[in-house]
C-alpha cells in the first residue's frame, strides 16, 4: 500500500502538532499559495464540476508555477482544466503528475479537452474512483479513519487499478469495499462567507468541501465575503467548517468565477465556452489561442479583481441577475 | 454474529419497499405508538441525557404498555428512567429486556437509580459501548453500511462483551475496531420544528438524532411546533432530517419536558429532582411514591398537554425565561 | 381531450419522452446529468408531479422551476430542496435505500447492462494511455450500484452496444450469472430499463440479458437489432411505443430546455 | 497586585483550581461533564481566555457566559459556538486530532491511568449482575483514546486507586508495556495528569506508572501514598502546589457555580 499526500499516521501527527488557537488568518492569496502549495503536493480541490470551484487559488498557483502536482477531487471542471492548460502551454512552469478522480468534464458545456490531451498522450498517472468513493475517501480522512467501507462500485473495473480493497464483511459474510483515506497536503476551498478566524458558512450544496478541508494538512479558503465573527457565530448550526480547520482566509469576490457560486452568481457560460473552446484547439495542436488567454487573464494580471475587470460589466450583472440561489443577507464589516 | 432490531439486509429491504412519497404524516401520538411500537422492538432513543429526549412518546408507550423492549441510545437520562420506572412498578405491563448503551444517568442531577435497580438485580441484559460507538453504529446504519471503523475504545474491556470486532487494518497494518450497524425497529425523536411531511429542523446540538432516525425502520417525530412547508424549505441547508425518513409527525408542545429543549425551555430541575428522588426510593424498595407519580402524571392523563397542565404555570414560565438557546423565529400556521 | 401526436421530433426528444413516461409518480429518482434531468422535469410536468428528484451534489426533492440545471450541482437544483448537504449525504441516502430509481447515461453498454463511461481502449494494459478518454464515472456507478433500480439512457449505435465493453464503470448484472450482484456485495436490484434513440429495452429474468420491449416510432425489431452490436432477446410481444404528444414536445422545447443545452446536442454519428 | 491565598476551600474547589491551572491557554479542550466544565470556565476567566472548549453533544468553541452547563449537551454549551452538529462530529474531530486535551473523571483508576466508570464487581463473569452499576462510559473512553492527551479528575481514596480495577472503561497506558497504546491501535498520547483531592500526579516515562508531582495544601507524599491503593512513584522533587487564591475561589463560588451543582456535591466517603 502506498499513500499519496499524507498517510493517516502522518496526518494525525501533523494536526496534533498544529496550533489550533483562534487567530486572524487573513493574508494575501499570493502569500498563502507561497506558504502552503509546494511542488509534488497532493492538492484536494473543492467545489463540484464548475460550481464553487477554487478558481482564484488555481489562477494564483498557475501564476507562481508548481511541478509534479497530484490532483484529488470527485467531479471537477474548470479548476483542473486551468491547471492542465498551464501544463499544455509550458510543462516546465506547471505540471500535473497524477490525478485521483471520479469525473473531469463540464456537464452541459461539454467534455474536458485537456483531460483527453493529458491522458491520451499519457502525460499523467490516473487513478479512477466514483464520486462517492472520492467523497468518502476525504470523509474517512476528515474523521481520522484510515479507511471507510463502501458498497459501490463493487463489481466494476475501477477496483482493478485503484487502491480499494474488497474484504468479506466480518458481520454479514458478504463482500464489501474498503476505501483508503485521502489526506491531501493542501485543500483549496472557495466559500460564500467566512470570518477572519476561518469559520466558513457555505450556502447551497456543501459538495465535499468540509470533508476535503478537514482531510488535508493545510487549508486555503477564499470567500466572496468576509463577515463578522459575531454574525457567523449567531447561527452556529450553519457553520460548515470550523475555524480550526483553516490556515489562510482571503476575501476574493468572484473567487469561483466563471463558475456558479450559490446565492452570488450563476455560470458565465460565455466565458466558460470561450475558455473551453481554446482548450479544444490546444488539444488538437493549436495552443496559440490558449496561450493568449493565459497571458491576458492569468499571467497578465495580479489577482482575480484584475481578471474580472477585463470582463464586460454587463456580463457580470447578467450572471448575478440570473442566479436563482437564495441571496445572502449576513452582516459584514465594511473596510476601506 | 447476531443482530438486534434489523440486520443490514433486512433494513435495506424494508426501506426499499417503503412508500417514500411526500404525504401528510400527521396522526395522534396514540395512533403512532399503536402502529409503530411493538413488543420486542429495538427502540432507538433520540436526544442526549436529559436534553431533547422523546418524553411525550415514552409516556405514551408507558400508557399503552409494551413488553421485552430493547433500548438503544448513546447517553440518556429521563427517557429510559421513565421506562424503567414503569417496569419497576409493573413488569407485566411494561418491560425492558436489553439495553445497548453508553451512559444512563442525569449528569448534574445525579446517577440513575433505576439503572442500578435493573442491573444490580440482573433484570436486563446489557451491552456497553462508548458514546461515539453508539453514535457511529447508528451512523453506519443510517448510511447503509453493515459496519464502520472506529479507533475508540480500543484496549478497553467493552470489547470483551460487545459485538465490536478488532481487525488489522489492511492499509496501515495496525489494529482497528469495526462497529456493527444498529438498525432499531423504531426511532423516537423530538425536535423543535417539523412540517407535515416530516422534514425536521433541529436547533442546537443535533445529538445523534438524524442518524438514529435514518437508521431505524420506522420513525416517530414529535415537535414543539409544526411549521409551514414553505418556511421549512426556504432554508434547505437547515433541514436536519428529510421528510422521507419520517413515518409519523405529531405536534406536541413540551414534548421533551421536563428536559431541556434548545430555544424552547431549559431543564425543569425541580420536576426532574422530584421524579429522580422517587426513583431512588423505588430502588431502595419503596415504590409507592413512584406509583403515585405515574398515576398522576402518566396513567392519569391522556397526553402531554394534560401532564404539563398539572404543573404550576410559574414553573413553565421560569424554564422558558432561563432558556439561553436562540429563540425560534419560523413562520408557522395557526390552526384552531 | 384528444391526444395530438407530435409530427416531428428528434431522437433526443424521443428519448426524453420515453424516459419521462418510464418514471412512476411519487418515486425518489436520483438524476444523472443531462437528458435524465430533462426527462424528470417533463415527468413532473405531466404524469409525475410527486416525483422526488435527488442530485448527487446534495439537493434532495427541490422544485425544478428555476430553469433547467446545467449541472447536477448548480443553484437551480436547490430551490426549495427538502435536504441539502453534500455528495456524501446524497450517496449515503442511496446506499441506505432511499432512492427508488437511478437515472443515468453511458457511452457503451453490454448485454447485461454494464456501462462504460471511463475509457475506450484496452484495459487494464492501456488504462494509462486510453484510445479515447471519457469523463469518468462521476456518480453514475454509485447510482447503478445502490439505487433500488436503474434506468439507463443511451444513443443507439452498434459501436455503443458491445458484447464486451472496454471498461465496466457502472455495474449492471455483471456476468449475468444467477445473483451476480448479490454475490458481488451490491444492494440494489440493478438495471430496469434501457431507453435508447430506437427502443425501450429490459432484461430477461433468467439470463439477465437485454431484451427488446418496445420499438420507438419508425423502428422495427430488425432495425433495432441491426443497430445493436450483440444479439438481443426479441420476444413475440414487442410493442410499438406511443409517439410523443404535441404537448410533450412543446414542454421540452418551450419550457424545459428552450436553449437546447441537452436536448439539441448533436449526437455524434 | 499581591496574590491573596484563600483561607478556606473544599476539596472540590481545590480540584477545580488545580484542573484550571493545568490547562494551557489557546488549546482545544474536550470537556467531560461535571468538574471539568467548572475548571475550564475558571481557566477561561483567569489565565486561559483562548481555551477552546469542545462538548461531546456537538458544540465547539462556545462562549461559556450563559451560566454553568448542567449537561454537556444543554443550551448553555451552544452560545456563540463555532461549530454545532452532533456527537458523531465531536468525536470525529477528536479522532482526526483536533482536540489537544480531554478532561474526564472516573470512579476507579489503576497505576497506568486506566479508568473505570462502568461497574464494580467481577468482570467478565459478573458483568450482567454488577455489585454496583455505574453510569457507563459516555464519551470518556473516546476522549481517553483519541484526544492528544488526557487530564483526569479523581476523588482521592484508597478504594478508588487500585492496582487492578474492576473494568477498563477508558484506556490509559493499558498494561504499561512500551508503546502499549500504539500497539492497541490508539492515536492519542494518553494520560497527562491526574488531579485529585490530594495531589497532582503524572506518569513515569519509562514504566508508564503513576508518579506524584505535587501535593495539594495540607497533604504530604506520605498522606498521598496512604490514600492510594497501589505504590506510587515518588521522586525527590515533589513540589507543594500553590494554594487557591481568593480570586479563584470567589470566581467558583460567586460566578461559575453559585448554586453548587458540581462543586458543592458531597464526596461519598
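Chains as they are written, first to last, in my numbering: chain A, 904 to 1239; chain B, 904 to 1239; chain C, 538 to 806; chain D, 538 to 806. Ideal Cβ positions, reconstructed from N, Cα and C, are used throughout, including at glycine. Values in this document were obtained by computation on a predicted structure and should not be read as measured data.
Residues of chain B with a Cβ closer than 7 angstroms to the Cβ of residue 1072 of chain A are, in chain order, 1049, 1050. Each residue's CA atom was taken as its position, placing residue 1200 of chain B and residue 1113 of chain B some 29 angstroms apart.
Around the CB of residue 1110 of chain B, 16 or more other CB atoms lie within 10 Å, so the residue is classed as buried.
Assignment of beta-bridge partners to residue 645 of chain C by DSSP yields C/653. Residue burial annotation: residue 738 of chain D is buried, with at least 16 other C-beta atoms found within 10 angstroms of its C-beta. Nearest to residue 616 of chain C by alpha-carbon distance, out of C/633, C/589, C/637, is C/589. Interface flag for residue 542 of chain D against chain A is unset, since no Cβ pair is found closer than 8 angstroms. Out of C/542, C/598, C/581, C/609, the CA that lies nearest to the CA of residue 556 of chain C is found in C/581.
For residue 1190 of chain B, the closest alpha carbon among the candidates B/946, B/951, B/989, B/934 is that of B/989. The beta carbon of residue 944 of chain A sits closer than 8 angstroms to the beta carbons of 908, 969, 972, 973, 1087, 1088, 1089 from its chain, once the five residues preceding and following it are set aside; these are given in chain order. Put simply, the CB of residue 718 of chain D is far from chain A, with every gap to its CB atoms at 8 angstroms or more. Taking residue 620 of chain D as the centre and dropping the five residues before and after it, the same chain places the C-beta of 597 closer than 6 angstroms to its C-beta, in chain order. Within chain A, the C-beta atoms nearer than 8 angstroms to that of residue 704 of chain C come from 1060, in chain order. The straight-line gap separating the alpha-carbon atoms of residue 768 of chain D and residue 1214 of chain B is approximately 54 angstroms. Distance between residue 984 of chain A and residue 1208 of chain A, taken at the CA atoms: about 21 angstroms. Identification of chain A residues near residue 1042 of chain B by a Cβ-Cβ cut-off of 9 angstroms yields none; the smallest Cβ-Cβ distance measures about 10 angstroms.
Its Cα nearest to that of residue 962 of chain A, the residue A/1091 stands out among A/1091, A/1226, A/1224, A/1186.
When DSSP states are grouped into helix, strand and coil, residue 567 of chain D belongs to the strand group. Only those residues of the region 673 to 691 of chain D whose C-beta falls short of 9 angstroms from the nearest C-beta of chain B are listed: 673, 674, 675, 676, 677, 678, 679, 680, 681, 682, 683.
Sixteen is the threshold: since fewer than 16 other Cβ atoms of the shown chains lie within 10 Å of the Cβ of residue 1216 of chain B, the residue is exposed. Residue-level contact check: residue 1056 of chain A does not touch chain D, since none of the beta carbons of chain D fall below 8 angstroms from its beta carbon. In the structure shown, residue 917 of chain B falls within a helical segment according to DSSP collapsed to helix, strand and coil. Within the region 670 to 719 of chain C, the runs of beta strand (DSSP E) at least 3 residues long that lie entirely inside it are, in chain order, 686 to 691. Residues are counted here when their Cβ sits less than 7 angstroms from a Cβ of chain C; for the region 1130 to 1162 of chain B these are 1136, 1139, 1140, 1142, 1145, 1146, 1147, given in chain order. Residue pairing by DSSP places residue 1001 of chain B opposite B/973, B/1028 in a beta bridge. The C-alpha of residue 1081 of chain A is placed about 50 angstroms away from the C-alpha of residue 545 of chain C.
The beta strand (DSSP E) runs lying completely inside the region 1120 to 1199 of chain A and spanning 3 residues or more are 1121 to 1129, 1151 to 1154, given in chain order.
The three-state secondary structure of residue 801 of chain C, taken from DSSP, is coil. Under the criterion of beta carbons closer than 8 angstroms, residue 1175 of chain A and residue 1012 of chain A qualify as touching, at roughly 5 angstroms.
Cβ atoms of residue 1014 of chain B and residue 1008 of chain B come within 8 angstroms of each other, at about 5 angstroms. Inclusion of residue 1107 of chain A and residue 1124 of chain A in the CB contact set at 8 angstroms is not warranted, their separation being larger than that value. DSSP links residue 749 of chain C through a beta bridge to C/738. Chain-ordered, the chain B residues with CB closer than 9 angstroms to the CB of residue 637 of chain C read 919, 923. Taking all protein chains shown into account, residue 1163 of chain A has 16 or more neighbouring C-beta atoms within 10 Å of its C-beta and is therefore buried. By the criterion of a C-beta distance shorter than 6 angstroms, residue 929 of chain A is surrounded in its chain by 1099, 1152, once the five residues flanking it on both sides are discounted. A direct Cα-to-Cα measurement between residue 1177 of chain A and residue 1228 of chain A gives close to 25 angstroms.
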